[in-house]
Amino acid sequence: SHNLIPVLIPRGIALVVFDFTGCGRSEGDYITLGWREQSDLENVITYVTNMLHFEKIVLWGRSMGAVAALLCGAKTLPWVRGIIMDSPFASMNEVVQNFTQQADIPCGCCLFPVGRTFVRRNVIKKTGLDIDSFNPIDVAGQSHLPVMIAHAKQDTTINCAQSKEIFDVYGSADKHLVILPGGHNDKRPLMFIDLVLTFIERICDDIIQSEMNMNMNLSQTQSQNQNQVNWNENKATWDELMGGIKKIMN
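Count the sequence shown with the numbering used here and you get residues 42 to 291, in order.
Okay, here's the thing in structure tokens:
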């Protein structure tokens, strides 16, 4: 995230970065992939508005952070002007299925329901979250904030189709879907950062610009090899998140 500072600050955009409970340098043993993390985000929003007097906020999250942003955005919080979601998931069931595969829990046609039930019971016991009732797509239609949704085409952790599902039902007409090259934890091209900056400036400065076609495929190989922002530094990667879930299973 520190690589974004020289890009954002000269354009008058402040950057507030934090670790969710159970991630990075924050205390806590468990993560819930956005369910409880939305409260962390709400607390940060309250702090920066009350103590730092921010009046225009755009939520920008990736994976679990994207889901937390979606859940907060559905509540129409004061001062929040828009959302940027990178690699959100629509269905918790699909995330659990990916986890059971990575954790070597048998996922055959006969054994997967048993493994899934085991996961569900342990998650409820440790965190209070029922994975059967946690599907972020259910609140997507309740948010009317401008949104940009991005997803890597080769993401094998959260299928790109899940972002498309959220996009289709999202409650605002001001919505944009960007298909990126690479996988779940790969770097994002500078071209995408430029799109994000334009989006932020438009919704925060109330500038009416010609409608931009954000539904594009940024598949040029040169954007993968140069001028990229490294999101892996100082952020919880998917491996770290999976490690947090495995604590629940122990």
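Where is the CB? At the ideal position from N, CA and C, for every residue including glycine. Model, not experiment: these values are computed from the prediction.
If you compare the alpha carbons of GLY65, GLY106, CYS64 and GLY212 with that of ALA181, the shortest gap goes to GLY212. Distance from the CA atom of GLU96 to the CA atom of THR158, rounded to whole angstroms, is 45 Å. If you check the CB distance, GLY123 and ILE244 come in under 8 Å.
In the DSSP assignment, MET189 falls within the beta strand (DSSP E) that extends over 188-193.
The Cβ atoms of SER128 and ALA202 do not sit closer than 8 Å to each other.
For GLY102, the uninterrupted beta strand (DSSP E) segment begins and ends at 98-103.
Judged by DSSP in its simplified three-state form, GLY69 adopts coil rather than helix or strand. The alpha carbon of PRO187 has as its nearest neighbour, out of LEU45, VAL57, LEU231 and ILE98, the alpha carbon of ILE98. LEU45 carries a helical assignment under DSSP once its states are collapsed to helix, strand and coil.
Ranked by Cα distance from LEU56, the first of GLY102, HIS217, PRO119 and ASN176 is GLY102.
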